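*Asks:* Residue numbers (the working numbering): 2 to 402.
Glycine is no exception: its CB is placed at the ideal position from the N, C-alpha and C atoms.
All values derive from a computational prediction rather than experimental measurement.
1) Within 8 Å, do at least three Cβ pairs link the segment 353-363 to the segment 177-186?
2) Count the other CB atoms within 10 Å of the CB of residue 153; is the residue buried (16 or more) or exposed (fewer)?
3) Between the Cα of residue 30 and those of 128, 296, 138, 41, spot the shortest distance and give me the residue it belongs to.
4) Grouping DSSP H, G and I as helix and E and B as strand, with all else coil, what is residue 205?
5) In its own chain, which residues sit with a C-beta less than 6 Å from the C-beta of residue 327, not counting the 5 before and 5 after it?
6) Look up residue 295 in the DSSP assignment and say whether it is helix, strand or coil.
7) Of the choices 148, 28, 16, whose alpha-carbon is the least far from that of residue 39?
8) How long is the line joining the alpha carbons of residue 401 and residue 148, rounded to whole angstroms?
9) Here's a check: name, in chain order, each residue in its chain whose Cβ is nearer than 8 Å to the Cβ of residue 392, leaving out the five neighbours to either side.
10) From this set, 45, 82, 51, 67, which residue's C-alpha is nearest residue 59's C-alpha?
11) Within this structure, are the beta carbons of residue 95 and residue 102 separated by less than 8 Å?
12) Pick from 258, 245, 117: whose alpha carbon is nearest that of residue 235?
13) Under 8 Å: do the segment 265-278 and the segment 297-312 share three or more Cβ pairs, one atom per stretch?
14) Does the Cβ of residue 408 have 16 or more other Cβ atoms within 10 Å, making it buried, or fewer, making it exposed?
15) In angstroms with no decimal places, state the Cα-to-Cα distance between residue 166 and residue 344.
16) Let's see if you can read the secondary structure: which residues bound the beta strand (DSSP E) around residue 146?
17) Which of the three DSSP states, helix, strand or coil, is assigned to residue 400?
18) What residue ranges within the segment 302-332 form continuous beta strand (DSSP E) runs of no fewer than 3 residues, ordered along the chain?
19) Between which two residues does the alpha helix (DSSP H) carrying residue 259 extend?
20) With the cut-off set at 8 Å, would you say residue 155 and residue 142 are in Cβ contact?
21) Leaving out the 5 sequence neighbours to the left and right, which residues in its chain are closer than 7 Å to residue 8 when beta-carbon positions are compared?
22) Of the choices 242, 214, 261, 213, whose alpha-carbon is the least far from that of residue 222?
23) Got a sec? Which residues, its chain only, sit under 8 Å from residue 1 by beta carbon, not counting five neighbours each side?
24) For the beta strand (DSSP E) containing residue 177, list its first residue and its last residue.
25) In the DSSP assignment, find the unbroken beta strand (DSSP E) run with residue 262 in it and report its ends.
26) Whole angstroms is fine: what's the gap from residue 342's alpha carbon to residue 151's?
27) How big is the Cα-Cα spacing for residue 317 and residue 310?
28) Using only CA atoms, which one of 192, 138, 145 lies nearest to residue 164?
29) In terms of alpha-carbon separation, which member of 347, 387, 195, 99 lies closest to residue 241?
30) Could you give the residue range of the alpha helix (DSSP H) that holds residue 283?
31) Beta carbon of residue 126, beta carbon of residue 394: below 8 Å?
32) Thinking just about the alpha-carbon of each residue, which of 37, 71, 93 is nearest to the one in residue 117?
33) So for residue 102, helix, strand or coil by DSSP?
34) For residue 52, does the three-state DSSP call read helix, strand or coil?
35) Any idea what DSSP makes of residue 73, helix, strand or coil?
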């Protein structure tokens, strides 16, 4: 056993993966977690089926991140293939879904987490629950508040894996931002990502809220070169869903710069505008509802067209076809950060060494969603958290051993 003492603060995906690497190397590892249990956001991510990574080619995979040149060495050091091998080493099989997303065979996070914690315990990793990090002492040690008051912990190296600022009730409350900034670390403001966006609907659309828009594609403003194809859901506050989450970065940037953004939807992406005009014209002898239904518009899509297209154009096949293929929705805000799946922003690249050690705080490393990277859902968030945890742990090993 190496006698160096490593402290990891935060027992989410990044922190536990760092503990995995360091304990495998024989180091003494203590993990401090503010909540009474570990991996709360990890478990939440697995409620609908744990999408742990993605099987697409690594060049495409890396391109999903807003700072691909920074994240690339981390992903290459622990990519999707390695994640699946790590799961298998814990006795958890995985499979690739039709969309290329990778899931554990059981589809749940809890069995994987249990096996993972058991493996860490066998290697001597100690987890301290209900210990909330308060910052540094004058001597540079770590300060925690716990049931017994405040304690001071010394470490040869520290990995901060405190998450972003979304889902604060699960532990990632972003309180670390002010602590690091007070210590000279540059942090970009935390912003909601993979979130819903606000739009204004009339009472007419109310019966259709909460229902999905299926088999659609979308893009932001003039950026038709970046198209998202998935589903979306109309909500009381606006719109959410996989299609919107994938476009959250350009939508957020346009709203912050202009005060609003235009999301364009193609409600029938599998047919051309000309084909749609033919369908609408050939069915014109039927009622409007039947005409639109025969053309491929279900009730939710039809209601959205009625909501946005002027009524005097509802019977004009060319006008309807134009709006079906390029339906503009004005968005004027984002959902609060605590309701977002993840956050953008965080510790800036320039504040860290290549091994993820903070320049202003020697032997203090950062990993996970604390870092200033952004990515869509689809396994990319968890993969980067795992990979940066591995990368930071390897940075510790290079520094201390």
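*Replies:* Short version:
1) yes
2) In the chain shown, the residue the question calls residue 153 occupies position 152. Its Cβ having fewer than 16 others within 10 Å, residue 153 is exposed.
3) As a working note, residue 30 is residue 29 in the chain shown. Ranking 128, 296, 138, 41 by CA distance to the CA of residue 30 puts 128 first.
4) Along the chain shown, one-based indexing puts residue 205 at 204. Note: residue 205 maps to helix in three-state DSSP.
5) The count along the chain shown starts at 1 and reaches residue 327 at position 326. Same-chain partners within the cutoff: 265.
6) To locate residue 295, count along the chain shown from 1; it is residue 294. Residue state, collapsed to three classes: helix.
7) Locating residue 39 in the chain shown gives position 38, counting from the first residue. That would be 16, whose Cα lies nearest to the Cα of residue 39.
8) Position 400 of the chain shown, counted from the start, is the residue given in the question as residue 401. Position 147 of the chain shown, counted from the start, is the residue given in the question as residue 148. Straight-line measurement puts the Cα of residue 148 at about 32 Å from the Cα of residue 401.
9) Position 391 of the chain shown, counted from the start, is the residue given in the question as residue 392. Counting only Cβ-Cβ distances below 8 Å, and skipping sequence neighbours, we find 74, 75, 78, 79, 356, 357, 368.
10) Translated into the one-based positions of the chain shown, residue 59 becomes position 58. Closest in C-alpha terms to residue 59, from the list 45, 82, 51, 67, comes 82.
11) In the chain shown, residue 95 corresponds to position 94, counting from 1. In the chain shown, residue 102 corresponds to position 101, counting from 1. Their beta carbons are not under 8 Å apart, which means residue 95 does not touch residue 102 by this criterion.
12) For the purposes of this step, residue 235 is identified with residue 234 of the chain shown, where counting begins at 1. Of the candidates 258, 245, 117, the one whose C-alpha sits nearest the C-alpha of residue 235 is 245.
13) yes
14) Residue 408 lies beyond the range of the chain shown here (2 to 402); nothing can be said about it.
15) Here residue 166 refers to the residue found at position 165 of the chain shown. Here residue 344 refers to the residue found at position 343 of the chain shown. If you take the alpha carbons of residue 166 and residue 344, they lie about 6 Å apart.
16) The sequence position of residue 146 within the chain shown is 145, counting from 1. Here the beta strand (DSSP E) through residue 146 covers 143-147.
17) Counting from one through the chain shown, the residue named residue 400 turns up at place 399. Here residue 400 sits in helix by DSSP.
18) 328-332
19) Walking along the chain shown from the start, residue 259 turns up at place 258. 249-259 is the extent of the alpha helix (DSSP H) around residue 259.
20) On the chain shown, position 154 is the one that residue 155 refers to. On the chain shown, position 141 is the one that residue 142 refers to. Yes. Within cutoff.
21) Here residue 8 refers to the residue found at position 7 of the chain shown. Exclusion of the five residues before and after residue 8 leaves 31, 33, 143, 154, 156, 159 as the residues of its chain whose Cβ lies within less than 7 Å of its Cβ.
22) As a position in the chain shown, residue 222 is number 221, starting the count at 1. For residue 222, the nearest C-alpha among the options comes from 261.
23) Since the displayed the chain opens at 2 and closes at 402, residue 1 lies outside it and no answer follows.
24) The residue labelled residue 177 in the question sits at position 176 within the chain shown. Note, residue 177: premise wrong, no beta strand (DSSP E); alpha helix (DSSP H) at 177-183.
25) Here residue 262 refers to the residue found at position 261 of the chain shown. Run containing residue 262: 262-267, per the beta strand (DSSP E) assignment.
26) In the chain shown, the residue the question calls residue 342 occupies position 341. In the chain shown, the residue the question calls residue 151 occupies position 150. Taking the straight line from one Cα to the other gives about 32 Å.
27) Within the chain shown, residue 317 is the residue found at index 316, counting from 1. Within the chain shown, residue 310 is the residue found at index 309, counting from 1. When rounded, the distance between both Cα atoms is 11 Å.
28) Your numbering for residue 164 matches position 163 in the chain shown. Out of 192, 138, 145, 192 has the C-alpha closest to the C-alpha of residue 164.
29) Here residue 241 is taken as the residue at index 240 of the chain shown, counted from 1. Per the Cα distances, 195.
30) The residue labelled residue 283 in the question sits at position 282 within the chain shown. That run of the alpha helix (DSSP H) goes 274-283.
31) Translated into positions along the chain shown, residue 126 becomes position 125. Translated into positions along the chain shown, residue 394 becomes position 393. No, these two residues do not count as a Cβ contact at 8 Å.
32) Locating residue 117 in the chain shown gives position 116, where the first residue counts as 1. Nearest option by C-alpha distance: 93.
33) Mapped onto the chain shown, residue 102 falls at position 101. In the structure shown, residue 102 sits in a strand (DSSP, three-state: E or B).
34) Here residue 52 corresponds to residue number 51 of the chain shown, with the count starting at 1. In this structure, residue 52 counts as coil in the three-state DSSP scheme.
35) By one-based count along the chain shown, residue 73 stands at place 72. Residue 73 falls in the helix class under three-state DSSP.
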